[in-house]
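Here is the structure we will look at, set down as C-alpha coordinates.
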Amino acid sequence: MGMSGRAFVGVGDGGEFIVELLDLFIQWDWSTYLADYGQPTCKYLRVNPTTALILLEKMRDTSRKNNGFAQFRKNERDKQKLIDTVAKQLRGLINSHHS
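So the sequence shown is numbered by full-length UniProt numbering: it starts at 1 and just counts up by one.
Listed below in C-alpha coordinates is the structure:
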(Lines of atoms letter the chains of each structure in order from A; the text may use other names.)
(Lines give C-alpha, C1' and ligand atoms only; values in the text may rest on other atoms or scores of the structure.)
Protein backbone atom coordinates (compact mmCIF):
# COMPACT_ATOMS: atom_id res chain seq x y z
CA MET A 1 0.00 0.00 0.00
CA GLY A 2 1.36 3.39 -0.99
CA MET A 3 1.40 6.62 0.92
CA SER A 4 -1.43 8.19 -1.07
CA GLY A 5 -4.35 9.62 0.88
CA ARG A 6 -6.80 7.26 -0.77
CA ALA A 7 -4.80 4.19 0.27
CA PHE A 8 -4.47 5.55 3.79
CA VAL A 9 -8.21 6.01 4.36
CA GLY A 10 -8.85 2.51 3.08
CA VAL A 11 -10.92 2.85 -0.06
CA GLY A 12 -13.18 -0.17 -0.18
CA ASP A 13 -13.90 -0.28 3.53
CA GLY A 14 -15.78 3.00 3.90
CA GLY A 15 -12.92 5.16 2.69
CA GLU A 16 -14.94 6.34 -0.31
CA PHE A 17 -17.25 8.11 2.13
CA ILE A 18 -14.36 10.00 3.71
CA VAL A 19 -12.89 10.93 0.33
CA GLU A 20 -16.27 12.23 -0.90
CA LEU A 21 -16.91 14.13 2.33
CA LEU A 22 -13.48 15.76 2.26
CA ASP A 23 -13.86 16.63 -1.43
CA LEU A 24 -17.23 18.26 -0.74
CA PHE A 25 -15.88 20.44 2.06
CA ILE A 26 -12.46 21.23 0.57
CA GLN A 27 -13.86 22.08 -2.87
CA TRP A 28 -16.92 23.72 -1.27
CA ASP A 29 -19.02 22.01 -3.94
CA TRP A 30 -22.43 22.48 -2.34
CA SER A 31 -24.20 23.48 -5.55
CA THR A 32 -23.30 20.10 -7.11
CA TYR A 33 -24.19 18.20 -3.94
CA LEU A 34 -27.59 19.86 -3.58
CA ALA A 35 -28.45 19.62 -7.27
CA ASP A 36 -27.45 15.96 -7.66
CA TYR A 37 -28.57 14.57 -4.30
CA GLY A 38 -30.60 11.39 -4.70
CA GLN A 39 -29.43 10.71 -8.24
CA PRO A 40 -27.71 7.36 -8.84
CA THR A 41 -24.77 9.15 -10.49
CA CYS A 42 -24.37 11.76 -7.75
CA LYS A 43 -20.73 12.75 -7.24
CA TYR A 44 -21.22 12.64 -3.45
CA LEU A 45 -23.40 9.54 -3.34
CA ARG A 46 -22.11 8.35 0.05
CA VAL A 47 -22.44 11.70 1.86
CA ASN A 48 -25.58 11.76 3.97
CA PRO A 49 -27.12 15.26 4.27
CA THR A 50 -27.47 14.85 8.04
CA THR A 51 -23.75 14.14 8.40
CA ALA A 52 -22.91 17.08 6.14
CA LEU A 53 -25.19 19.37 8.17
CA ILE A 54 -23.63 18.31 11.49
CA LEU A 55 -20.12 19.00 10.19
CA LEU A 56 -21.15 22.30 8.61
CA GLU A 57 -22.75 23.46 11.87
CA LYS A 58 -19.64 22.46 13.84
CA MET A 59 -17.53 24.41 11.38
CA ARG A 60 -19.81 27.46 11.73
CA ASP A 61 -19.83 27.30 15.52
CA THR A 62 -16.05 26.91 15.70
CA SER A 63 -15.58 29.79 13.29
CA ARG A 64 -17.83 32.04 15.39
CA LYS A 65 -16.04 31.13 18.63
CA ASN A 66 -12.57 31.66 17.19
CA ASN A 67 -13.29 34.91 15.38
CA GLY A 68 -14.84 37.08 18.08
CA PHE A 69 -14.66 40.54 16.56
CA ALA A 70 -14.05 39.13 13.09
CA GLN A 71 -17.83 39.04 12.70
CA PHE A 72 -17.58 42.73 11.94
CA ARG A 73 -15.44 42.13 8.86
CA LYS A 74 -17.40 41.83 5.64
CA ASN A 75 -15.68 38.67 4.38
CA GLU A 76 -16.39 36.85 7.67
CA ARG A 77 -20.03 37.96 7.59
CA ASP A 78 -20.31 36.76 3.97
CA LYS A 79 -18.75 33.41 4.89
CA GLN A 80 -21.20 32.97 7.77
CA LYS A 81 -24.14 33.87 5.52
CA LEU A 82 -23.02 31.30 2.96
CA ILE A 83 -22.68 28.60 5.62
CA ASP A 84 -26.13 29.51 6.99
CA THR A 85 -27.63 29.31 3.49
CA VAL A 86 -26.12 25.89 2.81
CA ALA A 87 -27.26 24.66 6.25
CA LYS A 88 -30.80 25.83 5.53
CA GLN A 89 -30.79 24.02 2.16
CA LEU A 90 -29.47 20.84 3.80
CA ARG A 91 -32.25 21.00 6.42
CA GLY A 92 -34.79 21.33 3.60
CA LEU A 93 -33.26 18.34 1.85
CA ILE A 94 -33.37 16.27 5.03
CA ASN A 95 -36.98 17.25 5.74
CA SER A 96 -38.12 16.54 2.19
CA HIS A 97 -36.65 13.02 2.27
CA HIS A 98 -38.07 12.20 5.71
CA SER A 99 -41.63 13.26 5.01
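Even glycine gets a Cβ: it sits at the ideal position worked out from N, Cα and C.
Reduced DSSP category for residue i - H, G, I as helix; E, B as strand; rest coil
{"i": "R43", "result": "It should be noted that the sequence gives Lys, not Arg, for residue 43. Three-state result, K43: coil."}
{"i": "G38", "result": "coil"}
{"i": "R73", "result": "coil"}
{"i": "N48", "result": "coil"}
{"i": "I29", "result": "This sequence places Asp at residue 29; Ile is not what is there. Of the three classes helix, strand and coil, the one that applies to D29 here is coil, per DSSP."}
Own chain residues within Cβ distance below 7 Å of residue i, not counting five before or after
{"i": "K43", "result": "T32, D36"}
{"i": "residue 123", "result": "The chain is shown only over 1 to 99; residue 123 falls outside these bounds and no answer can be derived."}
Contact set for residue i: own chain, Cβ-Cβ below 8 Å, skip 5 residues either direction
{"i": "L53", "result": "A87, L90, R91, I94"}
{"i": "I83", "result": "L56, M59, R60, S63"}
{"i": "L24", "result": "W30, Y33, Y44, V47, A52"}
Cutoff 6 Å; reference residue i; Cβ partners in own chain excluding five residues on either side
{"i": "K81", "result": "none"}
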